[in-house]
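2 protein chains.
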Amino acid sequence: MPFSVTALEGLPMVQPGDDLAALLLAAISRMGLTLTDGDIFCLAQKIVSKAENRQVLLADITAGPEAEALAREVEKDPRMVQLVLDESTDILRKRTGALIVRHKLGFVGANAGIDQSNIDHADGEAALLLPVDPDASAARLREALQRATGKRLGVIITDSHNRPWRLGTIGAAIGSAGVRVLQDHRGGHDIYGRELKVTLINRADAIATAATLMMGETTERLPAALVQGLPPEDTADTAQLINRPLDEDLFR
Amino acid sequence: MPFSVTALEGLPMVQPGDDLAALLLAAISRMGLTLTDGDIFCLAQKIVSKAENRQVLLADITAGPEAEALAREVEKDPRMVQLVLDESTDILRKRTGALIVRHKLGFVGANAGIDQSNIDHADGEAALLLPVDPDASAARLREALQRATGKRLGVIITDSHNRPWRLGTIGAAIGSAGVRVLQDHRGGHDIYGRELKVTLINRADAIATAATLMMGETTERLPAALVQGLPPEDTADTAQLINRPLDEDLFR
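Protein sequences appear in the order of chains C and B.
Mind the numbering: the first sequence is residues 68 to 319 in the numbering used here, read in order.
Mind the numbering: the second sequence is residues 68 to 319 in the numbering used here, read in order.
Spelled out as structure tokens, the structure:
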């Protein structure tokens, strides 16, 4: 069976408090798609954060001395830098316009995933933080979707990440429920009995990347996709599994 | 239209000199698949290297003093270390069993992509090097596939890469022809007129990653996949575009 990704069309601009499961299922219904056990909904972080009201008005933020100094160094708005510091545990790299940090959630990325694009706030300039606990958000969404449909489904919350050494963003799973995140072949052998070179496969990032390709293929207005054709999984895996312990990270 | 990935079934074990285009088209025909303009063939590096006779007998390699010293340090076979040195321009990191190097082709990865799994050589222990020029290999394959089918096709040669900070391999495009590799939104604006956060999308790695997911989903014996549902592209892009200049690499 082929693996397929369908961008979900016609989703409205998501507002705080919106019921994302209901919006996703309405899109599925409008598009005439049929859900099967194993199907995975991929949602851009942005709509999850918006539904969870993670917008912050910059006028409400006061930058402390550390944020002020760092903001001068990297030429960013000190209030944005304060938000990045609040959301992260370590600063790994700095350059003009960007701070590479370890987010409180454990992953490493630019500006703690805080986004200012496609944010509209009536009271002034705003920023959008990541969901407080994207794995928990995915689990809640999955439960609502399964309850409404009776199917065994997965949910991945995606973001776009830059990487060392390779240009261009790819998708990343920052929250996951009902999806086998890491496929472990450690100790496996090839057909000649030799130990396998590739021993641990990141399925969740791969699925997020495939979904993100379709979500971005036409317009920023396609913030969710349905992934079909993978077998249903009995798994308690979460996206937290992906975070490579910093002190074991050869690439650091 | 959904984006889909179908693993190509029933490919034989590839041998030096094999006509990969013919093998791929035979699989397409056996599986009853119909090609459309824009379809992309993804091939695991391993079968391309095998067809190009990139196997090396370790008995034919003599390790020099640098390789001998490095081999003691990282506990690898000195002949394998010699091959890694021959294939690379810089050593970026070392640890037991692995050397992270900049390959002559420009990308950064473990052990210069040299693989010893699923290699069978009658005359003793062997290793498989990457294709000499994977972009050229992809271009030749594309030409043969287009000539045979009359369709506008893309070809990506994939490998599995580890990454800093995130566990588990994902796919990478190490050779590409007929595929828009980087989608550039720099200077683009969101629906409220604010500059976009994500400005450069790595489509080739995303397609390689989606394909690799299906190629690995069942068995090591599925070394190629057909990606369908993306629009045909007029592009001279190659996978070389992906290599981030090391001196501009914030993550280095």
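Where a beta carbon is used, it is the ideal one built from N, C-alpha and C, also for glycine.
Original post:
On the three-state DSSP scale, how would you describe residue 162 of chain C?
Top reply: Mapped onto the first sequence, residue 162 of chain C falls at position 95. Residue 162 of chain C falls in the strand class under three-state DSSP.
Original post:
So with Cβ pairs under 7 Å, would you call residue 101 of chain B a contact of chain C?
Top reply: Here residue 101 of chain B corresponds to residue number 34 of the second sequence, with the count starting at 1. Cβ-Cβ to chain C under 7 Å: no for residue 101 of chain B.
Original post:
Which residue's Cα is closest to the Cα of residue 113 of chain B: B:219, B:87, B:137 and B:212?
Top reply: As a working mapping, residue 113 of chain B is identified with position 46 in the second sequence. Looking at the Cα atoms, B:87 is the closest of the given residues.
Original post:
Can you find at least 3 beta carbon pairs, one from the segment 291–308 of chain C and one from the segment 289–308 of chain B, that sit closer than 8 Å?
Top reply: no
Subject >> Beta-carbon proximity list for residue 195 of chain B, same chain, < 8 Å, skipping 5 on both sides >> reply: For the purposes of this step, residue 195 of chain B is identified with residue 128 of the second sequence, where counting begins at 1. So the list reads 113, 116, 117, 121, 122, 123, 181, 182, 183 and 186, once near-sequence residues are dropped.
**OP:** Step through the CB atoms of chain B and report whether any lies within less than 7 Å of the CB of residue 70 of chain C.
**Re:** Taking the first residue of the first sequence as position 1, residue 70 of chain C is located at position 3. Taking Cβ atoms only, chain B reaches closer than 7 Å to residue 70 of chain C, which makes this a yes.
Subject >> Neighbourhood of residue 188 of chain C by C-beta, 7 Å cutoff - its chain only, sequence neighbours within 5 removed >> reply: In the first sequence, residue 188 of chain C corresponds to position 121, counting from 1. Same-chain partners within the cutoff: 122 and 124.
Subject >> Bounding residues of the beta strand (DSSP E) (the contiguous stretch that carries residue 195 of chain C) >> reply: The residue you call residue 195 of chain C lines up with position 128 of the first sequence. First-last of the beta strand (DSSP E) with residue 195 of chain C: 193–195.
Original post:
So what does DSSP say about residue 95 of chain C, is it helix, strand or coil?
Top reply: Taking the first sequence and counting its residues from 1, the one referred to as residue 95 of chain C is at position 28. Helix, per DSSP.
Original post:
At a cut of 8 Å, does the segment 147–158 of chain B reach the segment 208–228 of chain C through at least three beta carbon pairs?
Top reply: no
Original post:
What residue from B:148, B:127 and B:105 has the CA that sits closest to residue 136 of chain B's CA?
Top reply: Within the second sequence, residue 136 of chain B is the residue found at index 69, counting from 1. The candidate whose alpha carbon is nearest that of residue 136 of chain B is B:148.
Original post:
For the segment 149–177 of chain B, which residues have a CB atom closer than 9 Å to at least one CB atom of chain C, in sequence order?
Top reply: 159, 160, 161, 162, 165, 167, 169, 174, 175, 176 and 177
**OP:** Assuming residue 163 of chain C and residue 142 of chain C form a contact by the criterion Cβ under 8 Å, report the distance between their Cβ atoms to the nearest whole angstrom.
**Re:** In the first sequence, counting from the first residue as 1, residue 163 of chain C sits at position 96. In the first sequence, counting from the first residue as 1, residue 142 of chain C sits at position 75. Contact flag correct, Cβ pair sits at about 5 Å.
**OP:** Check residue 309 of chain B in the structure and name its three-state DSSP category.
**Re:** The residue labelled residue 309 of chain B in the question sits at position 242 within the second sequence. Reduced to three states, the DSSP call for residue 309 of chain B is helix.
**OP:** Given a cut-off of 7 Å, decide if residue 91 of chain C and residue 108 of chain C are closer than it, judged by their beta-carbon atoms.
**Re:** On the first sequence, position 41 is the one that residue 108 of chain C refers to. On the first sequence, position 24 is the one that residue 91 of chain C refers to. Cβ atoms of residue 108 of chain C and residue 91 of chain C: closer than 7 Å.
**OP:** Find the residues of chain C that neighbour residue 236 of chain B, judging by a C-beta separation of less than 8 Å, and give them in chain order.
**Re:** The sequence position of residue 236 of chain B within the second sequence is 169, counting from 1. Going along chain C in sequence order, the residues near residue 236 of chain B (Cβ under 8 Å) are 265, 267, 268 and 269.
**OP:** Measure the alpha-carbon distance for residue 237 of chain B versus residue 207 of chain B and round it to whole angstroms.
**Re:** Residue mapping note: residue 237 of chain B aligns to position 170 of the second sequence, counting from 1. Residue mapping note: residue 207 of chain B aligns to position 140 of the second sequence, counting from 1. Roughly 25 Å separates the two Cα atoms.
Subject >> Contacts of residue 281 of chain B in chain C (Cβ-Cβ under 7 Å) >> reply: For this step, residue 281 of chain B is matched to residue 214 along the second sequence. The contacting residues are 70.
**OP:** Specify, as a first and last residue, the run of the alpha helix (DSSP H) that residue 202 of chain C falls within.
**Re:** Within the first sequence, numbered from 1, the residue matching residue 202 of chain C stands at position 135. From DSSP, the alpha helix (DSSP H) with residue 202 of chain C extends over 201–216.
Original post:
Between residue 298 of chain B and the rest of its own chain, which residues show a CB-CB distance below 7 Å, the 5 nearest in sequence each way excluded?
Top reply: For the purposes of this step, residue 298 of chain B is taken as residue 231 along the second sequence, with counting starting at 1. Result list for residue 298 of chain B: 105, in chain order.
**OP:** Please list, in chain order, all residues of the same chain as residue 229 of chain B whose beta carbon is under 7 Å from its beta carbon, the five residues on each side excluded.
**Re:** Within the second sequence, numbered from 1, the residue matching residue 229 of chain B stands at position 162. Excluding residues within five positions, the ones whose Cβ falls inside 7 Å are 177 and 236.
Original post:
Do residue 244 of chain B and residue 272 of chain B have their C-beta atoms within less than 7 Å of each other?
Top reply: Taking the first residue of the second sequence as 1, we reach residue 244 of chain B at position 177. Taking the first residue of the second sequence as 1, we reach residue 272 of chain B at position 205. Cβ distance not < 7 Å, so residue 244 of chain B and residue 272 of chain B don't count as in contact.
Subject >> Residue(s) in a DSSP beta bridge with residue 107 of chain C >> reply: Within the first sequence, numbered from 1, the residue matching residue 107 of chain C stands at position 40. DSSP, once it has assigned bridges, lists C:221 and C:294 as partnering residue 107 of chain C.
Original post:
For residue 169 of chain C, does the three-state DSSP call read helix, strand or coil?
Top reply: Translated into the one-based positions of the first sequence, residue 169 of chain C becomes position 102. In this structure, residue 169 of chain C counts as strand in the three-state DSSP scheme.
Original post:
What is the DSSP secondary structure of residue 249 of chain B, counted as helix, strand or coil?
Top reply: The residue labelled residue 249 of chain B in the question sits at position 182 within the second sequence. Strand, per DSSP.
**OP:** Give the range of the beta strand (DSSP E) segment to which residue 134 of chain B is assigned.
**Re:** Here residue 134 of chain B corresponds to residue number 67 of the second sequence, with the count starting at 1. Where residue 134 of chain B is concerned, there is no enclosing beta strand (DSSP E), although the alpha helix (DSSP H) it sits in stretches over 132–141.
**OP:** Assign residue 190 of chain C to one of three DSSP states: helix, strand, or coil.
**Re:** On the first sequence, residue 190 of chain C is found 123 positions in, with the first residue counted as 1. Residue state, collapsed to three classes: coil.
Original post:
Can the beta-carbon of residue 173 of chain B be found closer than 7 Å to that of residue 204 of chain B?
Top reply: Here residue 173 of chain B refers to the residue found at position 106 when the second sequence is read from its first residue. Here residue 204 of chain B refers to the residue found at position 137 when the second sequence is read from its first residue. No, the Cβ-Cβ distance between residue 173 of chain B and residue 204 of chain B is not below 7 Å.
Original post:
According to DSSP, what are the bridge partners of residue 122 of chain B?
Top reply: The count along the second sequence starts at 1 and reaches residue 122 of chain B at position 55. Looking at the DSSP assignment, residue 122 of chain B forms a beta bridge with B:195.
**OP:** Using beta-carbon positions only, say whether residue 73 of chain B and residue 69 of chain C come within less than 7 Å of one another.
**Re:** Here residue 73 of chain B refers to the residue found at position 6 of the second sequence. Here residue 69 of chain C refers to the residue found at position 2 of the first sequence. Yes, the Cβ-Cβ distance between residue 73 of chain B and residue 69 of chain C is below 7 Å.
Original post:
If you draw a straight line from the C-alpha of residue 101 of chain B to the C-alpha of residue 94 of chain B, how long is it?
Top reply: Position 34 of the second sequence, counting from 1, holds the residue named residue 101 of chain B. Position 27 of the second sequence, counting from 1, holds the residue named residue 94 of chain B. Approximately 11 Å between the Cα atoms of the pair.
Original post:
For residue 276 of chain C, does the three-state DSSP call read helix, strand or coil?
Top reply: Residue numbering aside, residue 276 of chain C sits at position 209 when the first sequence is read from its first letter. Note: residue 276 of chain C maps to helix in three-state DSSP.
**OP:** Going by DSSP, name the residue or residues bridged to residue 239 of chain B.
**Re:** Position 172 of the second sequence, counted from the first residue, corresponds to residue 239 of chain B. Answer by DSSP bridge pairing, in chain order: B:226.
Original post:
Is residue 268 of chain C near residue 295 of chain C, with beta carbons less than 7 Å apart?
Top reply: Here residue 268 of chain C is taken as the residue at index 201 of the first sequence, counted from 1. Here residue 295 of chain C is taken as the residue at index 228 of the first sequence, counted from 1. Not closer than 7 Å, so no.
**OP:** Compare the Cα-Cα distances from residue 77 of chain C to each of C:214, C:233, C:139 and C:96 and report the closest residue.
**Re:** For the purposes of this step, residue 77 of chain C is identified with residue 10 of the first sequence, where counting begins at 1. Closest option to residue 77 of chain C, Cα to Cα, is C:96.
**OP:** Output yes if chain B places a C-beta closer than 7 Å to the C-beta of residue 200 of chain C; else output no.
**Re:** The residue you call residue 200 of chain C lines up with position 133 of the first sequence. Answer no: the Cβ-Cβ gap between residue 200 of chain C and chain B never drops below 7 Å.
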